[in-house]
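Right, one structure below, let's go through it.
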């Protein structure tokens, strides 16, 4: 029985990028890298599907930061009001 091979994410990305370029056929890439053509096609498909997430995550992170900043500003305002109220109470 043969041992199952595990490939690093970097290797998979390299193979998928090579397949996306279109310079070589999937069969040529598979033969060069000693892989099954189905595996190359799968990694290529996963790369295409995952590409949209790369760009949308940046937008989501920026939106999350904007919301987080607003929450923090509100909290600062609330603490400033409480601090002023308490400092006035001490002066009396």
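Numbering (the numbering used here), first residue to last: 78 to 169.
Backbone N, C-alpha and C define an ideal beta-carbon position, used for all residues, glycine too.
* To do: Express the C-alpha separation of residue 98 and residue 126 in angstroms, rounding to a whole number.
  => 16 Å
* Taking 8 Å as the cut-off, decide whether the C-beta atoms of residue 117 and residue 124 are in contact. => no
* To do: Can you check the segment 84–116 for any alpha helix (DSSP H) of at least 4 residues that lies completely inside it and give the ranges in chain order?
  => 86–98, 103–110
* Distance between beta carbons of residue 157 and residue 120, contact taken as under 8 Å -> Wrong, their Cβ atoms sit about 54 Å apart, outside the cutoff.
* Where residue 139 falls, given that 16 or more other Cβ within 10 Å makes a residue buried -> exposed
* Label residue 103 either buried or exposed according to how many other C-beta atoms from any shown protein chain fall within 10 Å of its C-beta, with 16 as the threshold for buried. => buried
* Asked: Between residue 101 and residue 95, is the Cβ-Cβ spacing less than 8 Å?
  -> yes
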